[in-house]
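Quick note on this note's numbering: the sequence shown kicks off at -13 and runs consecutively. Please read the structure below before turning to the comments.
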Amino acid sequence: MNSVTAHDYAWIRTSPLFGLMRDSGYTLTLIQGWPPREVLRAMRAEPRGTGEGAAGLIEAAGAHRDEVDDSWDESYVAGAFSAPGEDGDWTLVLGIDGGLGITAPCVETLSRGGRVVAHSTNGGKPIDLFHWFEDGELRTTFEGPSSRDGDTPDELVPLLREVGFPLTAGGEHDASAPDVDEKAAVLALAERLTGVRVTESLLRDATYELGLVPEEPAEEWTSVVIDITDAHGERLYREWTYEEVAAASARARAEANAPVAITFNEAPTGDRSAPGAGEE
């Protein structure tokens, strides 16, 4: 039985590679039953050859960012390779992607008939996420382990406790439990679910299949909703349709572009004094 805990991943605290991943924002995804090239194809990634080690992946990711003339562009270079795990090889996908991750519809497809486990950090002021998909369903996801979501949010509570998360048997935060490096605990949890031991050397020395993952198209929207309840319980709810917003924007543009007429108000004639009036 795999008894890995957060202590087995203490290396991430002093790892230059993992430090770069956390600072830049990353997603690490483990996929069961799919070879690397097929995973990249499912991600609609444009093949970019191979990268020797993490340095090759980072170099390719940096070169792509230098080519993109748009700081908001969310395309990125991902690297994939096979790693031994439970019941055979798994594909490990690493993206220095700001924590964007593989899209949910794609992960649902990749997990059908198998399992997908992913964890990420968005860099900067970090948001650290964990996702476990099984046979097309999001079973458990969380940012903090005591606030879980998904189809079976409590199924992993025993494992969460075993790897070191400070939780009670009921899955609540346990203030009396020892502190833990939660990112190390997440990696231990991922290993418990996949059998894949992620090490510094595994990430550093692998040969990555590279692919340029395209930016996701913006979703079309049909309305805007404001729903606010103040401290007194008074609720403000208002919905504007796309057509209403478009019409209001058109009116605002028309008013902004309308010619400005400037008029002068002259004083009434009776108030004027004739030149020299009152002068002798």
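Backbone N, C-alpha and C fix where the C-beta goes; we use that ideal spot for every residue, glycine too. Because the structure is a prediction, the values reported are computed rather than measured.
1) Which residues share a DSSP beta bridge with leucine 222?
2) Counting only runs of 3+ residues fully inside the segment 30 to 104, write out the beta strand (DSSP E) ranges in chain order.
3) So, with DSSP's three-state summary, where would you put tryptophan 20?
4) Can you list, in chain order, the stretches of the alpha helix (DSSP H) that have 4 or more residues and sit fully within the segment 108 to 161?
5) Going by C-alpha distance, which of Gly156, Thr77 and Val149 is nearest valine 268?
6) Note down, in chain order, each residue of its chain lying with its Cβ closer than 7 Å to the Cβ of alanine 192, except the 5 sequence neighbours on either side.
7) Assign tryptophan 118 to one of two classes, buried (16 or more other C-beta atoms within 10 Å of its C-beta) or exposed (fewer than that).
8) Does the Cβ of arginine 34 have 16 or more other Cβ atoms within 10 Å, making it buried, or fewer, making it exposed?
9) Report the CB separation of threonine 126 from proline 139 in whole angstroms; it is logged as a contact under 8 Å.
10) How many Å lie between proline 22 and glycine 150 at the Cα?
11) The alpha helix (DSSP H) with tyrosine 228 in it runs from where to where?
This is what the structure holds:
1) Ile214
2) 32 to 38, 62 to 71 and 74 to 81
3) coil
4) 143 to 149
5) For residue 268 there is no data in the structure shown, the boundaries of the chain being -13 and 266.
6) Gly39 and Phe67
7) buried
8) buried
9) 6 Å
10) 31 Å
11) 228 to 243
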